[in-house]
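Student: Letter by letter, the sequence shown follows residues 18 to 367 of this note's numbering.
Positions of the beta carbon are idealized from the N, C-alpha and C atoms, including for glycine.
Since this is a predicted model, take the numbers as computed values, not measurements.
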Amino acid sequence: MTGKPTLAVVGATGAVGAVMLQILSQHADIWGEIRLIASPRSVGRKLAVRGEEVEVVALSEEAFDGVDIAMFDVPDEVAAQWAPIAVARGVVVVDNSAAFRLDPEVPLVVPEVNPHAVRTRPRGIIANPNCTTLTMIVALGALHAEFGLRELVVSSYQAVSGAGRAGVDALRAQLSLVAGTELGTKPGDVRRAVGEDTGPFPEPVALNVVPWAGSLREDGWSSEEMKVRDEARKILGLPQLPVAVTCVRVPVITTHSLTVHARFQGEVTVDRAREILATAPGVVLCDDPAAGEFPTPADVVGTDPTWVGRLRRALDDPTALELFVCGDNLRKGAALNTAQIAELVASEFC
Ligand SMILES: NC(=O)c1ccc[n+]([C@@H]2O[C@H](COP(=O)([O-])OP(=O)(O)OC[C@H]3O[C@@H](n4cnc5c(N)ncnc54)[C@H](OP(=O)(O)O)[C@@H]3O)[C@@H](O)[C@H]2O)c1
C-alpha cells in the first residue's frame with residue numbers, strides 16, 4: 018500500500034483507550050485515518066485525538082472496512098470474538114486483552130525485549146502482555162541478556178486502574194466514604210463504611226491492601242499470578258523458568274510496583290547491573306536511598322519508562338539481585354506498549 022496506514026482503536030472509551038488517545042496525540046503522526054470504536058453505549062460520543070474531535074462508532078464488521086491495523090483495548094471475551102473477524106477483513110490486530118497471549122501462534126511482544134517476534138504472526142494477531150508483567154519485563158530483559166535468568170520471586174503492589182474504569186470509580190467512591198475519618202483503627206470498620214459494593218475487588222481497597230487480583234485458578238493461585246509467570250516465560254523464551262509470584266492490590270490509582278528477587282546463572286555484581294540498567298532503553302535507574310531516592314507511583318505515574326530502585330545483591334546469594342520497579346500500568350503497562358507494537362507493524366506498510 019501507499020500512504021499512511023489506517024488505524025482503529027477498539028475500546029477507545031475505556032481506561033486504556035483514553036491513554037491510547039493521549040499517546041497517539043503525542044507520538045509522531047504516522048497514521049492516516051484514526052477510527053474510534055467502542056460498544057453501542059458510546060456511539061456518537063466525541064473524543065479528542067491529534068487535536069481533533071472524532072466520533073465513536075459501534076463495533077461491527079463494517080467498522081473495519083479500510084482499516085490496516087487495529088488496537089484492541091476491550092474485555093477478553095470481546096477481543097476473542099472480534100479480533101478474528103477483523104483479521105478476516107484484512108486487519109492486523111494488536112490485542113491488549115488476555116485472549117490470545119498464550120496462543121503459540123500469537124507472538125507476545127515487548128519492543129525493547131523481543132521486537133523480532135512481531136513479524137511471525139500466523140493468526141494475524143499480536144498480543145500485548147499484562148500490565149503486571151510489563152512493569153518488570155523491560156528491566157528484567159536487559160539483565161537476562163547479560164546474566165541469564167534462572168529464577169524469579171515477585172510480589173506486586175497493583176493500582177486500581179489495572180481493573181479499568183470500574184476499579185478507579187470504586188477506589189474514588191470508597192475514599193469519599195473514609196477520608197477524614199478515624200476508620201481503619203478497629204476490625205471491620207472500613208468494610209462497614211464501604212458496604213457490600215466493593216466494585217471489582219473482593220474487599221475494600223481504600224485504607225487497605227488486598228492480596229488478590231483476578232480470578233481463582235488451581236491450587237489457590239490467582240489468574241493475575243499465572244499471567245505473570247506464563248507471560249514472563251514466553252517473552253523471555255524461558256519456558257521452564259521457575260516463577261513464584263503474589264499479586265496484591267493497593268490504594269493507588271495508577272502505576273503498578275513490584276519487588277523482584279531475580280537469580281541468575283552465575284555471580285552478579287551490583288555495579289554491572291547498574292551499568293546495564295542505566296543504559297537499557299526504556300529503563301530509568303532511580304536508586305540513591307541515602308538521598309531518599311527511589312521510585313514511587315506518585316512520581317512515576319504519567320511517565321513512559323520502567324523505573325528501578327533499591328538495587329541490591331541478595332544477602333545470602335551472590336547470583337541474585339533484589340530490585341523495586343514501578344511502571345505506569347496504563348502507559349507502558351498497556352497503551353504505550355500496544356502503540357509501540359502497532360508502530361513496528363506500521364513500518365512494514367511504508
Ligand atoms: N487497565 C489496565 O491497566 C490494563 C493493562 C493491560 C491490559 N489491559 C486490558 O485492556 C483491555 C481494556 O481494559 P480497560 O482497563 O481499558 O477496560 P475498561 O476501562 O473497562 O474499558 C473497556 C472498553 O471496552 C469497550 N467494550 C466493552 N464491551 C464492549 C463490547 N461488547 N463491544 C465493544 N466495545 C466494548 C468499552 O466501551 P464502552 O465505553 O462503550 O462500554 C471500553 O471502551 C482489557 O482486556 C484489559 O484486561 C488493561
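Determine the burial state of Ala32: buried for a count of at least 16 other Cβ atoms within 10 Å of its Cβ, exposed for fewer.
Tutor: buried
Student: Which residues does DSSP list as the beta-bridge partners of Asp305?
Tutor: DSSP output for Asp305 lists Glu310 as bridge partner(s).
Student: Would you kindly work out how many angstroms separate the C-alpha atoms of Ala297 and Ala156, rounded to a whole number?
Tutor: 7 Å
Student: Could you tell me whether the Cβ atoms of Asp345 and Gly326 are closer together than 8 Å?
Tutor: no
Student: Report the rounded CA-to-CA distance for Val227 versus Trp48, giving the unit in angstroms.
Tutor: 41 Å
Student: Helix or strand or just coil, what does DSSP make of Phe81?
Tutor: helix
Student: For Asp112, count neighbouring Cβ atoms within 10 angstroms of its own Cβ and tell me buried if that reaches 16, exposed if not.
Tutor: Here Asp112 is buried, its C-beta having at least 16 other C-beta atoms within 10 Å.
Student: Which residues in the same chain have their Cβ closer than 6 Å to the Cβ of Ile54, if we skip the five residues on either side of it in sequence?
Tutor: Ala25, Val27, Val74, Leu76 and Ala80
Student: Could you tell me the distance, in whole angstroms, from the CA atom of Ser364 to the CA atom of Ile86?
Tutor: 11 Å
Student: Restricting to runs no shorter than 4 residues, where is the alpha helix (DSSP H) found entirely within the stretch 184-261?
Tutor: 206-211 and 240-253
Student: Keeping to the same chain, check which residues put their C-beta closer than 7 Å to that of Cys148; ignore five residues upstream and five downstream.
Tutor: Gly179, His273, Asn346, Gly350 and Ala351
Student: Is Pro92 near ligand 1, with its Cβ less than 7 Å from a heavy atom?
Tutor: In this structure, Pro92 has its CB closer than 7 Å to one or more heavy atoms of ligand 1.
Student: Which runs of the beta strand (DSSP E), 3 residues or longer, sit entirely within the stretch 40-96?
Tutor: If we require 3 residues or more, the beta strand (DSSP E) runs fully inside the stretch 40-96 come out as 51-55, 63-66, 69-75 and 86-89.
Student: Got a sec: does ligand 1 put a non-hydrogen atom nearer than 7 Å to the Cβ of Ser178?
Tutor: Yes, ligand 1 has a heavy atom inside 7 Å of this Cβ.
Student: Check whether the stretch 113-122 touches the stretch 134-150, taking contact to mean three or more Cβ pairs, one atom from each stretch, closer than 8 Å.
Tutor: With the rule of 3 Cβ pairs closer than 8 Å, the stretch 113-122 counts as touching the stretch 134-150.
Student: At a cut-off of 7 Å, is Val33 close to ligand 1 when judged by its beta-carbon and the heavy atoms of the ligand?
Tutor: A distance criterion of 7 Å places the beta-carbon of Val33 in contact range of ligand 1, judged by its closest non-hydrogen atom.
Student: Skipping 5 residues on each side, what residues in its chain have a beta carbon closer than 6 Å to that of Ser240?
Tutor: Closer than 6 Å at the Cβ level, and outside the excluded window around Ser240, lie Gly231, Ser232 and Arg234.
Student: So, for Met153: in the same chain, excluding its five sequence neighbours on each side, which residues have a beta-carbon less than 6 Å away from its beta-carbon?
Tutor: Leu275, Val277 and Val342
Student: Can you tell me the Cα-Cα spacing of Asp236 and Val84, whole angstroms?
Tutor: 43 Å
Student: Starting from Arg280, trace the alpha helix (DSSP H) in both directions and tell me its first and last residue.
Tutor: Not the alpha helix (DSSP H): Arg280 falls in the beta strand (DSSP E), residues His273 to Phe281.
Student: Between Arg330 and Val300, is the Cβ-Cβ spacing less than 8 Å?
Tutor: no
Student: Among all the DSSP beta bridges, which residues are the ones paired with Gly326?
Tutor: Phe341
Student: Please state if the CB of Val222 and the CB of Leu194 are separated by a distance shorter than 8 Å.
Tutor: no
Student: What is the DSSP secondary structure of Ile270, counted as helix, strand or coil?
Tutor: coil
Student: Answer yes or no: the CB of Thr198 versus the heavy atoms of ligand 1, is any distance below 7 Å?
Tutor: Distance from the C-beta of Thr198 to the nearest heavy atom of ligand 1 is not below 7 Å.
Student: Buried or exposed for Cys367, going by 16 or more other Cβ atoms inside 10 Å?
Tutor: exposed
Student: Can you tell which of Gln257, Gly283 and Arg250 has the C-alpha that lies nearest to the C-alpha of Pro335?
Tutor: Comparing Cα-Cα distances from Pro335 to each of Gln257, Gly283 and Arg250, the minimum goes to Gly283.
Student: Following the continuous alpha helix (DSSP H) through Asp288, name the residue where it begins and the one where it ends.
Tutor: Val287 to Thr296
Student: On the premise that Glu163 lies in contact with Ile293, defined as a C-beta separation below 8 Å, what is that separation, rounded to the nearest angstrom?
Tutor: 5 Å
Student: Leu340 to Pro128, Cα distance in whole Å?
Tutor: 22 Å
Student: Looking only at C-alpha atoms, which of Leu328, Pro219 and Ser172 sits nearest to Ala187?
Tutor: Pro219
Student: Pull the bridge partners of Val111 from the DSSP assignment, please.
Tutor: Met88 and Ile143
Student: Among residues of its own chain, excluding the 5 on either side of Leu192, which ones have a beta-carbon nearer than 8 Å to its beta-carbon?
Tutor: Only Ala223 and Pro268 meet the Cβ criterion.
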